[in-house]
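Quick note on this note's numbering: the sequence shown kicks off at 327 and runs consecutively.
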Amino acid sequence: MKNYQSLDVYQRAQKLFPMVYRQVRKWRALDQKELGSQMIRAANSIHSNIAEGYGKTPNDFKRYLAIAIGSCDELTSHIHDAHHVGLIDNNEKDYLVSEYTIVGKQLTKLKQAWK
């Protein structure tokens, strides 16, 4: 593996970020400010922590992966919240939850395998 950009989990998380961002930008200003800003930060945190931790020591990288896992779980919770209050429809919720579940599993496997 040459760099963090070659990691499938990084590519997937980075590809998903604009989807979350564009979805949030459709909402009313109050919803964008409250729940939306948390969703954008959590979605951005996932691939950003992979990138930031990659060049560090193995133990540090694992710590950054743990942070990314936490952000992934946080985002999944926010997606459910957004659905429950009518900000995203069922199809959008199902797609995003499914994709971020994959990201979470990939992060967990990478963290376990990293030496």
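Even for Gly, the Cβ is constructed at its ideal location relative to N, Cα and C.
Keep in mind it's a predicted model, so treat the numbers as computed, not measured.
I'd like the list of long-range same chain contacts for residue i, defined as Cβ closer than 6 angstroms, with 5 residues on each side in sequence excluded.
i      : result
Ser397 : Ala368, Ser371, Ile372
Glu400 : Ala368
Arg351 : none
Taking C-alpha atoms, which residue in the options lies nearest to residue i?
i      : options                        : result
Thr402 : Phe343, Trp440, Lys328         : Phe343
Ser374 : Ile395, Asn416, Gly362         : Ile395
Lys341 : Tyr426, Gln358, Gly412, Glu378 : Tyr426
Asp444 : Gln337, Gly362, Asn329, Leu356 : Given that the chain is displayed from residue 327 to residue 441, the structure contains no residue 444 and the question cannot be resolved.
Asn329 : Asp357, Gly412, Phe387         : Phe387
Ala377 : Arg389, Gln331, Leu433         : Gln331
Leu356 : Leu413, Glu418, Ile428         : Leu413
Give the straight-line distance between the Cα atoms of residue i and residue j, rounded to the nearest whole angstrom.
i      : j      : result
Gln349 : Lys382 : 33 angstroms
Val346 : Lys441 : 32 angstroms
Gly430 : Ile393 : 11 angstroms
Trp353 : Asp420 : 19 angstroms
Pro384 : His409 : 37 angstroms
Glu418 : Ala439 : 32 angstroms
Which same chain residues, not among the five before or five after residue i, have their C-beta less than 8 angstroms away from its C-beta?
i      : result
Leu436 : Leu333, Val335, Leu391
Arg338 : Glu425, Ile428, Val429, Gln432
Apart from the five residues on each side of it in sequence, which residues of its chain come closer than 7 angstroms, Cβ to Cβ, to residue i?
i      : result
Gln364 : His404
At a cut-off of 7 angstroms, is residue i close to the ligand SAM when judged by its beta-carbon and the heavy atoms of the ligand?
i      : result
Gln337 : The model depicted lacks the ligand SAM and carries no ligand whatsoever.
| Along the chain, which unbroken stretches of the alpha helix (DSSP H) at least 4 residues long are found entirely within the stretch 413-440? | 416-439
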